[in-house]
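With the working numbering applied, the sequence shown covers 408 to 658. For reference, the structure is listed below as structure tokens.
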Amino acid sequence: MEISDFFWNASLEELKRGYIQDFDSYKCLLCGKEFEKGIIYPYEGILYEAERYTRIHIERTHNSVFDSLIRLDKKFTGLTDHQNQLLSLFYQGKSDKEVQMDMDIGSTSTIRHHRFALKEKERQAKIFLAIMELLKDRDQYAPAFIPPHKTARLVDDRYDITLDEQDETIKKFFPEGTSGTLKKFPPKEKQRLIVLREIAKNLDSEHTYDENELNQILKTIYDDYVVIRRYLFEYGFLDRKPDGSQYWLKK
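Below, the structure written as structure tokens:
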């Protein structure tokens with residue numbers, strides 16, 4: 408399961424705290440880094456058990472869960488740029504007057520109106536979540552969809568991918584399994600996304616690759632490694648320096 412799968416399948420409480428717990432470790436939902444239970448982690452001369460160190464990691468690496476979530480693309484949050492800015496200022500503990508001055512809009516009553524509108528959005532979201540949870544228990548024909556990766560550049564109908572479609576595509580284009588070579592690069596968008604997701608799993612999220620190093624890895628998967636590299640970037644799996652000298656997995 409990819410980092411993005413863990414993220415999208417997390418409960419509301421898990422999203423709020425920024426990590427999930429499994430049998431033997433804690434996993435950061437914001438970057439996928441794992442911390443093994445039973446291991447003591449040192450930080451600034453103090454030793455911490457795994458769960459406490461996971462929280463320290465989130466504060467040190469991501470600043471806060473709020474900061475990471477608010478920076479997600481609007482296609483995931485459903486927030487306008489205006490709402491995003493308001494929420495960020497509210498999170499900083501600023502008063503309505505300070506927010507009004509920072510944004511240079513209306514008056515304090517305008518800010519209070521925005522607060523009310525955001526509370527309405529929260530109430531609607533709660534009702535919608537409840538409806539979807541109830542539907543989940545009754546809709547026996549609903550297919551299992553694969554959630555889009557967090558760093559997707561544009562989420563549209565290409566991402567309407569079911570678990571069955573994913574399995575069929577992997578069997579078709581990786582006949583020897585995902586640890587083997589790619590038979591050919593798919594012509595269809597959905598199939599490309601599935602194949603690229605599998606290829607991206609071969610890369611280390613903590614490592615920055617120079618172009619030659621990345622090429623060598625991709626060559627073992629498919630002869631036309633340039634095509635793979637380009638699409639990994641275009642579909643938002645990879646980021647790179649402007650001159651293409653270094654690449655890394657987007658988080």
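Just so you know, even glycine gets a beta-carbon here, dropped at the ideal spot from N, CA and C.
- Of the candidates I628, N619, L542, M539, the residue whose Cα lies closest to the Cα of F581 is I628.
- For K608 against I568, the beta-carbon gap comes to about 16 Å, at or over 8 Å, which does not count as contact.
- By the Cβ rule, the region 588 to 606 counts as touching the region 630 to 643, because three or more pairs are nearer than 8 Å.
- About 6 Å separates the beta carbons of G439 and S612, which is inside the 8 Å limit, making them a contact pair.
- When I465, W415, Y455 are compared, the shortest CA-CA separation from R424 is found for I465.
- One alpha carbon belongs to V472, the other to L436, and they sit about 9 Å apart.
- Going by DSSP, K591 is part of no alpha helix (DSSP H) at all; its letter is neither H nor E.
- Per the coordinates, the alpha-carbon of E456 lies some 30 Å from the alpha-carbon of Q499.
- Contact check for Y460 against F483 fails: the beta carbons are separated by 9 Å or more.
- Here the alpha carbon of Y448 sits roughly 27 Å from the alpha carbon of Y616.
- Secondary structure of I568 (DSSP, three-state): coil.
- Linking I446 to R522 through their CA atoms gives a straight-line distance of about 44 Å.
- The C-beta distance from K658 to L645 rounds to 11 Å, too long to fall under 8 Å, and the pair is not in contact.
- Its chain contains M510 as the residues whose beta carbon lies nearer than 8 Å to that of Q492, once the 5 sequence neighbours on both sides are disregarded; these appear in chain order.
- Under the DSSP assignment, D646 falls in the beta strand (DSSP E) whose first and last residues are 645 to 647.
- From the listed residues P555, K526, T576, the smallest Cα separation to N416 is found for P555.
- By DSSP's assignment, C435 forms a beta bridge with Y426.
- The beta carbons of Y654 and E605 sit about 18 Å from each other, so the pair does not count as a contact at 8 Å.
- DSSP places L476 inside the alpha helix (DSSP H), whose first and last residues are 472 to 477.
- Annotated three-state conformation of D617 is strand, per DSSP.
- Straight-line spacing of the CA atoms in K501 and S514 works out to 14 Å.
- In terms of CA proximity to L486, L525 leads the group L525, V506, I463.
- DSSP places L454 in the uninterrupted beta strand (DSSP E) bounded by 453 to 455.
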